[in-house]
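Note sheet for the following structure.
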Amino acid sequence: MTTMTARGRRRTPGAVRRGLRRNLTAYGFLCGALICFAFFSWYPMVREFLLSFQKTNFVGPPEWIGLDNFQTVTEDSAFGPAWLNTAEFTGLALVVGYAVPFVAAIVLNELRHAKAYLRFVVYLPVMLPPAVAVLLFKWFYDPGPGLFNQILSMVHLPPLAWLDSTSTALISLVIVSTWMNLGTGTLIYLAALQSIPSELYEAAELDGAGLFKRVWHVTIPQTKLILLVMLLLQIVATMQVFIEPYLLTGGGPENATVTVAYLMYQYAFSFGNFGGGGALGLMLMLVLMVFSAVYLRVSRDNQI
């Protein structure tokens, strides 16, 4: 009887071939993804690590120079301002850009009509190429016919040198970055809000809680995990800011908008010092690895 049961469960040659073919196809797709990931993610990180200890022009053989590249970039007068500007940009982005998508999601969640249309409007900036969005704001910031100064003149306020003043240049970049990334954060928060049981809001309303009390006592506690994850992701993303200073200010005025990523670009492609650019990239990568480790720990502990 045992023999018959085992024989009945024995797979036929055709079933074995089909299972093998199905698994080979799956492994083929997996290998393709791993190869792409290794070539475009792992290899650049390893190459950057090696490059930071070399002097090369990518024509002749590289020369190993130890820590000279790190000494060169740390002695640069723009090194300190670049890290300070990056930290300040990240801090301003958290104050401005972190709260705005959450508030927008709460407003959209409270609306009863035109939700789909407003979600599209909010997400529209994400669909624009980043260079197009940044150049659009470059016209907005124009000290002459720019939209923002035109609005200020309509309300009888003096015009501002948005990108030409050390006091306003960095916050101007933060405004651009916030507008460009508003849609993604808003939709993520909106999805989290819609997963909150409606019974909690109904109970709060029965207790006489208004909108702000419902947000404080129901919405924020129920979404604190996604708020923390988005906080960590925003820190990692904003510390790599490059396209805004590159296209809008060129690091000026007076190095007020030079960031680590922009300085890394200058070393590699303006100065021709690829080793110095690699050293800066390695420093930035080590800093971001700390925040990434925190993000992975939070994700693992809470099973996101």
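In my numbering, the protein residues as written are 920 to 1223.
Glycine included, every Cβ here is placed at the ideal spot set by N, Cα and C.
On the DSSP bridge assignment, give the partners of residue i in chain order.
i	result
Q973	W983
Using the C-alpha atoms, what's the distance from residue j back to residue i?
i	j	result
F1131	T1103	24 Å
G947	I954	10 Å
Y1214	L1207	10 Å
L1166	F956	29 Å
A945	L1152	31 Å
L1055	T1176	19 Å
S1117	L1037	22 Å
L1073	L1082	Per the sequence presented here, residue 1073 reads as Met, with Leu not at that position. Going by the C-alpha atoms only, they are around 20 Å apart.
L1101	V1041	7 Å
C950	D995	43 Å
G1010	A1023	20 Å
T921	L943	Here the model assigns T921 a pLDDT of 46, short of 50, so the residue's position is not dependable and the matter cannot be decided.
M1183	S1086	24 Å
G1308	R1031	The displayed coordinates of the chain run from 920 to 1223. Any statement about residue 1308 would go beyond what the structure contains.
P1062	G979	47 Å
A934	S960	38 Å
A1187	Y1181	10 Å
Apart from the five residues just before and just after residue i, which ones in its own chain have a Cβ nearer than 6 Å to its Cβ?
i	result
A1198	S971, N988, F989 and V992
T1005	M1158, T1178 and V1179
F1059	G1065, L1066 and F1067
L1013	none
N1174	A997 and P1000
As a quick exercise: from the options, pick the residue whose alpha carbon is nearest that of residue i.
i	options	result
A1052	Y1042, L1089 and V1095	V1095
L986	F968, C950 and G979	F968
K974	F1210, F1056, G1196 and V1026	G1196
M1149	T1105, L1166 and I1025	T1105
Y1108	A1128, T1097 and T1142	T1142
I1139	A1001, A934 and A1111	A1111
S1114	W983, F977, V1014 and I1025	I1025
M964	T1168, F1188 and L1203	L1203
G1169	L1092, R941 and L949	L1092
V1155	S1189, F1190 and S1211	S1211
Using a Cβ-Cβ cutoff of less than 7 Å, which residues in the same chain neighbour residue i once the five nearest sequence positions on both sides are dropped?
i	result
Y1120	R1133 and V1137
L983	For the sequence presented, residue 983 should be read as Trp rather than Leu. Excluding sequence neighbours, W983 sits near F972 and Q973.
W1034	The question names Trp, but residue 1034 in the sequence shown is Lys. The answer, listed in chain order, is L1027.
R941	none
Closer than 8 Å by C-beta to residue i: which residues in its own chain qualify, once you throw out the five before and the five after it? Chain order, please.
i	result
L1201	E967, F968 and S971
L1071	P1077, P1078 and L1079
T1097	A1012, V1015, G1016 and V1019
W1002	V1179
Since residue i and residue j should fall inside the 8 Å C-beta cutoff, what is the C-beta to C-beta distance between them, to a whole number of angstroms?
i	j	result
E1007	L1089	6 Å
S1084	P1000	Not a contact, Cβ separation roughly 16 Å.
G1099	P1044	At residue 1099 the sequence reads Met, which differs from the Gly that was named. Yes, they are in contact, since the Cβ atoms of M1099 and P1044 sit about 6 Å apart, within 8 Å.
V1217	L1147	6 Å
F977	F1193	7 Å
I1162	P1049	5 Å
So that I know if they touch, is there some Cβ in chain C lying closer than 8 Å to that of residue i?
i	result
E994	In the displayed structure, chain C is absent; only one protein chain is listed.
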